[in-house]
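Asks: The UniProt record's numbering applies: residue 1 is where the sequence shown begins, and numbers increase by one. Glycine is no exception: its CB is placed at the ideal position from the N, C-alpha and C atoms. Owing to the predicted nature of the structure, the values given are computational and were not obtained by experimental measurement. Dropping the structure in here first, questions after.
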Amino acid sequence: MTRRAPFIVIEGLDRSGKSTQTALLLQRMKATNIPAQLVKFPDRTTAIGQMINSYLQSDSDLDDRAIHLLFSANRWELASTIEQLLNSGISVVCDRYAFSGIAFSASKGLSYEWCRSPDISLPAPDLTLFLDISPEAAKERGGYGEERYEKEEMQRKVGEIFRRIGREISADGGKWVNIDAGREREAVAEEIWKWVEGVANGAVGPSRRLWT
Ligand code: NYM
Ligand code: MG
């Protein structure tokens, strides 16, 4: 019987180095013969993902709740693929997940509980690595891009909500790690690797669902 592989989520503010670190992590897992697959949310390739992309690029406008539900639906359309990968022994490394969904939407003023509901019972990560960086440091890295939400004031609120989610996940027995992402990229990669090695070599329990 194949052993279930771990589900690893990398979260963080815009410009926190998520995409770089996710790529480095995947390279290292492959070099160590740990089969792994990258999943990225939003997945802009699906029909729902294209609606999200158009919203983020300000080519379309949507009600705050409507876009929130689309981000969640975009995860649900990949939920069974993620489970199949894990059950076939392939680790999933996910660049953003439901925690981004809550943090970004709630920072616009929607209720935290309302934002959480559509993601309840998605596959739960075995490890969440939150790349923590101050909005000032993120801005110094060449500034934010052109997309919606990439503004210092919004990022500050998003960061606060991420930290609240982290405290709740930890209190609930989940594994959430705050990583200081303001350091050099090698130092960050090394710390990420320590945590990933731990879950990749340790016992992975039965699959769990978020907030159930
Ligand atoms: N975002 C991402 C949300 O608002 N809700 C979500 O559920 C997810 C997954 O999309 N600023 C936001 C955060 C980012 C933006 O993500 C695009 P990326 O990783 O830059 O492609
Ligand atoms: Mg971005």
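For the stretch 23-37 against the stretch 150-165, are there 3 or more C-beta pairs whose distance is under 8 Å?
Replies: The stretch 23-37, when compared against the stretch 150-165, does not touch it at the 8 Å Cβ threshold.
Asks: Consult DSSP for Gln57 and reduce its assignment to one of helix, strand or coil.
Replies: The count along the sequence shown starts at 1 and reaches residue 57 at position 57. Correct three-state label for Gln57: coil.
Asks: Using the beta carbon as the reference atom, which residues fall closer than 7 Å to any heavy atom of the ligand MG, ordered along the chain?
Replies: In chain order, the qualifying residues are Asp14, Gly145, Glu147 and Glu150.
Asks: Would you mind sorting Cys201 into buried or exposed? The rule is 16 or more other CB atoms within 10 Å of its CB.
Replies: Counting from one through the sequence shown, the residue named residue 201 turns up at place 201. The residue you asked about is not Cys; residue 201 is Asn in the sequence shown. Exposed, since its Cβ has fewer than 16 Cβ neighbours within 10 Å.
Asks: Within 10 angstroms of its Cβ, does Ser91 collect 16 or more other Cβ (buried), or is it exposed?
Replies: The sequence position of residue 91 within the sequence shown is 91, counting from 1. When all chains shown are included, Ser91 counts as buried.
Asks: On the DSSP bridge assignment, give the partners of Ala36 in chain order.
Replies: The residue labelled residue 36 in the question sits at position 36 within the sequence shown. Its beta-bridge partners are Ser91.
Asks: Is Gly49 close to the ligand NYM? I mean its beta-carbon at under 7 Å from any heavy atom of the ligand.
Replies: Here residue 49 is taken as the residue at index 49 of the sequence shown, counted from 1. No, Cβ of Gly49 sits at least 7 Å from all heavy atoms of the ligand NYM.
Asks: Helix, strand or coil, according to DSSP, for Asn14 in the structure here?
Replies: Against the sequence shown, residue 14 aligns to sequence position 14. Here residue 14 is Asp; the residue named in the question, Asn, does not match the sequence. Coil at Asp14, not helix or strand.
Asks: Among Leu25, Arg164, Ser207 and Pro118, which has the Cα closest to the Cα of Ser107?
Replies: In the sequence shown, the residue the question calls residue 107 occupies position 107. Of the candidates Leu25, Arg164, Ser207 and Pro118, the one whose C-alpha sits nearest the C-alpha of Ser107 is Arg164.
Asks: Ordered along the chain, which non-local residues of its own chain (more than five positions away) have a Cβ less than 7 Å from that of Leu86?
Replies: Residue 86 sits at position 86 when you count from the first residue of the sequence shown. Excluding sequence neighbours, Leu86 sits near Arg4, Ala5, Phe7, Val92 and Ser207.
Asks: Looking at the ligand NYM, does it come within less than 7 Å of Leu26, judged from the CB to the closest heavy atom?
Replies: For this step, residue 26 is matched to residue 26 along the sequence shown. Answer for Leu26: no, Cβ out of range of the ligand NYM.
Asks: Nearest by alpha-carbon distance to Ser16: which of Gln84, Ala137, Asp119 and Ile102 is it?
Replies: Numbered from its first residue, the sequence shown carries residue 16 at position 16. Selected option, being the one with the closest Cα: Ala137.
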